[in-house]
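**Student:**
In the working numbering, the protein residues as written are 229 to 365.
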């Protein structure tokens, strides 16, 4: 299955390496990892350069998160898009779980994964609400 991971990044030098690394470590590997540098003014560009061809970088003037996601989607060639924020990381097996869900629901246009909310200073992790909210999107 061809999954494009799209990572919008604006002044994300502190986190973007973790996001990219977690995407590249997936088994099966993503079809591509695209990072949209949304006009960063910090060291984000230097960090992205360190990934060479492992992650494709799209650069644009700062236009905001939605525009960066749209630019990544336009650059993607996968059958499925996985939007990953620059300050988030994929757990091992995340893309395998997505592939399984696609197989279970072949007519689906959108699949929304679970998540864990992590605070490096907190002792516990917080998962998704037990019951999805109607306006979660």
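For every residue, glycine included, the Cβ atom is placed at its ideal position computed from N, Cα and C.
Name the DSSP beta bridge partners of residue 243, please?
**Tutor:** Residue 243 is not bridged to any residue.
**Student:** Have a look at residue 319 and residue 297 and give me their C-alpha separation to the nearest angstrom.
**Tutor:** 21 Å
**Student:** Where does the unbroken alpha helix (DSSP H) through residue 309 begin, and where does it stop?
**Tutor:** Taken as a continuous stretch (DSSP letters only), residue 309 belongs to no alpha helix (DSSP H), being part of the beta strand (DSSP E) at 308-311.
**Student:** For residue 260, which of helix, strand or coil comes out of DSSP?
**Tutor:** strand
**Student:** Relative to the C-alpha of residue 282, which candidate in 263, 289, 328 and 270 has its C-alpha closest?
**Tutor:** With distances taken between Cα atoms, residue 282 lies closest to 263.
**Student:** Could you tell me whether the segment 274-289 touches the segment 241-253, using the rule of 3 or more Cβ pairs below 8 Å?
**Tutor:** yes
**Student:** Pull the bridge partners of residue 265 from the DSSP assignment, please.
**Tutor:** 237 and 287
**Student:** Is the beta carbon of residue 309 sitting closer than 7 Å to the one on residue 234?
**Tutor:** yes
**Student:** CB-CB under 6 Å to residue 237, same chain, minus the five flanking residues each way: which ones, in chain order?
**Tutor:** 244, 263, 265, 272 and 314
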